[in-house]
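Participant: Residues in the sequence shown are numbered from 360 upward in steps of one, following this note's numbering. The beta-carbon is built from N, C-alpha and C at its ideal position, and this holds for glycine as well. The structure displayed is predicted, hence computed values, not measured ones.
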Amino acid sequence: MKTDLLIVNGPNLNMLGKRAPEIYGSDTLDDIQAACTELCDEMGLSLRWFQSNIEGEMVTAIQESAFDNSPHPARGLIINAAAYSHTSVALYDAVELFEGPSIEVHLSNTIARENFRHHSYMSLVCDGIIQGFSRDSYLLAIRGISEKLAVKR
Ligand code: DQA
Numbered sequence: 360m361k362t363d364l365l366i367v368n369g370p371n372l373n374m375l376g377k378r379a380p381e382i383y384g385s386d387t388l389d390d391i392q393a394a395c396t397e398l399c400d401e402m403g404l405s406l407r408w409f410q411s412n413i414e415g416e417m418v419t420a421i422q423e424s425a426f427d428n429s430p431h432p433a434r435g436l437i438i439n440a441a442a443y444s445h446t447s448v449a450l451y452d453a454v455e456l457f458e459g460p461s462i463e464v465h466l467s468n469t470i471a472r473e474n475f476r477h478h479s480y481m482s483l484v485c486d487g488i489i490q491g492f493s494r495d496s497y498l499l500a501i502r503g504i505s506e507k508l509a510v511k512r
């Protein structure tokens with residue numbers, strides 16, 4: 360059975376709530392997961408949620424959902440690769456091989472921050488980017504990707 364959405368979260372996002380709330384908001388990652396689950400339920404979408412601080416584990420999670428005959432196939436991918444957005448060719452390659460549509464999300468507006476956050480490998484390979492809306496970046500991405508998935512139905 361194919362999952363509609365895989366949401367992948369990268370390093371330090373498990374610290375949300377404690378981590379720089381003036382930048383990232385006061386929601387914990389569990390709060391964000393709960394809001395995403397609620398919206399997916401309303402929209403009739405199934406969701407697989409993943410977080411890791413380890414780059415290779417994120418690559419494996421994407422690989423495992425990349426194709427129809429993968430162990431956990433997913434129709435669409437939403438990724439907040441966190442700091443790995445700015446550094447990881449391995450994640451670029453993993454997202455590139457994912458068959459369905461993909462959206463990059465960030466809680467903060469990375470373009471308004473330090474220079475090293477201005478480049479994202481994810482932006483080069485994802486179909487869309489949503490950033491700067493705190494928790495709502497994820498919810499907007501779910502709405503956006505559902506349109507792309509509906510087109511392919
Ligand atoms: C982030 C932005 C990244 O630059 C940063 O390293 C993060 C979080 C965001 O969601 O705003 O860890 O991806």
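Are the CB atoms of I488 and I437 nearer to each other than 8 angstroms?
Facilitator: no
Participant: Return the CA-CA distance between I391 and R494, expressed in angstroms with no decimal places.
Facilitator: 6 angstroms
Participant: Under 7 angstroms from any heavy atom of ligand 1, does the C-beta of S447 make it?
Facilitator: no
Participant: For A324, which residues of its own chain have a beta-carbon under 8 angstroms away from its beta-carbon, when the five flanking residues on both sides are left out?
Facilitator: With the chain covering only 360 through 512, there is no way to say anything about residue 324.
Participant: Going along the chain, which unbroken runs of the beta strand (DSSP E) with 3 or more residues stay wholly within the region 471 to 505?
Facilitator: Entirely contained in the region 471 to 505, the beta strand (DSSP E) runs reaching 3 residues are, in chain order, 487 to 490.
Participant: Sort Y383, H478, I421, L375 by Cα distance to T362 and report the nearest one.
Facilitator: I421
Participant: Is Y383 near ligand 1, in the sense that its beta carbon is under 7 angstroms from a heavy atom of that ligand?
Facilitator: Yes, the beta carbon of Y383 sits closer than 7 angstroms to at least one heavy atom of ligand 1.
Participant: If you scan the region 409 to 448 from start to end, which runs of the alpha helix (DSSP H) of 4 or more residues do you find wholly inside it?
Facilitator: 414 to 422
Participant: Kindly give me the distance between the Cβ atoms of S411 and M417, rounded to whole angstroms, as I take these residues to be in contact under 8 angstroms.
Facilitator: 5 angstroms
Participant: Assign L466 to one of two classes, buried (16 or more other C-beta atoms within 10 Å of its C-beta) or exposed (fewer than that).
Facilitator: Buried: at least 16 other Cβ atoms inside 10 Å.
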